[in-house]
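In numbering that gives the first Met the number 0, the protein residues as written are 0 to 209.
Backbone N, C-alpha and C fix where the C-beta goes; we use that ideal spot for every residue, glycine too.
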Amino acid sequence: MNELAVRTITGILLIAAALGAAYVGGNVLALLVATIATLMFYEWTRIVRGWGATWYVSGFFYALLPALALLWIRERDHHGLALLVWTFVVTWSTDIGAYFAGRRFGNRKLAPAISPNKTVEGLYGGILAASLLGGAWALATGLGIALLLLAPLFAVAAQGGDLFESGMKRRAGVKDSGAWLPGHGGVLDRLDGLVPVAVLTAAVQLMGLT
């Protein structure tokens with residue numbers, strides 16, 4: 000089985016698990032989020048080993064804040080489920096759009112010193128996919144016009160999160176944060192874009208913009 004097929008199958012299973020837990024909510028979602036946050040922190044500590052105590056403390060909050068944000072989004076009000084799915088849609092579509100646009104049209108390097116495989120065309124593809132799919136979901140579920148404008152901005156944030164983790168791995172001299180997810184690497188590799196999007200979405204919800 001080729002790499003794309005393995006990546007696709009793993010991705011579908013992860014999406015199904017995330018959506019299932021989001022739909023059920025409550026303790027099921029809390030348990031999944033807590034497990035993922037623990038794995039994120041574990042992988043972080045492996046990457047930053049020897050970098051100093053500040054990096055370990057930062058990793059704790061890096062894992063904790065998006066975990067709390069996801070639970071806050073889901074349980075805050077009656078729009079919680081729709082908004083949580085919007086958070087996922089923006090993150091996932093950014094990643095998928097960037098991946099395929101980069102493979103098909105990628106020419107100009109986005110940040111060669113950090114992540115040589117990422118391209119400007121991939122960035123645009125991710126922004127376009129998030130804008131279209133995130134916007135469609137916001138309109139279909141009545142989440143509010145603000146999310147139409149925020150989807151492309153959050154797509155940029157998602158790719159910024161991806162670059163941040165890539166920079167950490169480059170400094171540490173590792174290819175992946177772990178090997179838990181076939182075709183994807185570790186949990187941090189898969190969720191680096193969700194970290195900023197989850198926190199920003201929770202902030203938007205707190206400000207009453209949804």
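A distance below 6 Å between beta-carbons, with the five flanking residues on each side excluded, links residue 103 to no residue of its chain. For residue 109, the enclosing beta strand (DSSP E) covers residues 108–110. Counting every other CB atom within 10 Å of its CB across the protein chains shown gives residue 117 a total of 16 or more, marking it as buried. Sequence-distant Cβ neighbours of residue 188 in its own chain, meaning closer than 6 Å and more than five residues away, are 175, 176. When DSSP reads this structure, residue 114 sits in a beta bridge with 110. If you compare the alpha carbons of 79, 80, 43 with that of residue 63, the shortest gap goes to 43. In the same chain as residue 83, and ignoring 5 residues on each side of it, the C-beta atoms closer than 6 Å to its own belong to 21, 72, 73, in chain order. Annotation for residue 126: the continuous alpha helix (DSSP H) segment containing it runs 119–140.
Residue range 79–104 is occupied by the alpha helix (DSSP H) that includes residue 101. Here the C-alpha atom of residue 35 lies approximately 7 Å from the C-alpha atom of residue 186. Residue 121 holds the alpha-carbon nearest to the alpha-carbon of residue 95 among 29, 121, 159, 55. Between residue 192 and residue 157 a beta carbon distance of about 4 Å is seen, short of the 8 Å cut, so the two are scored as contacting.
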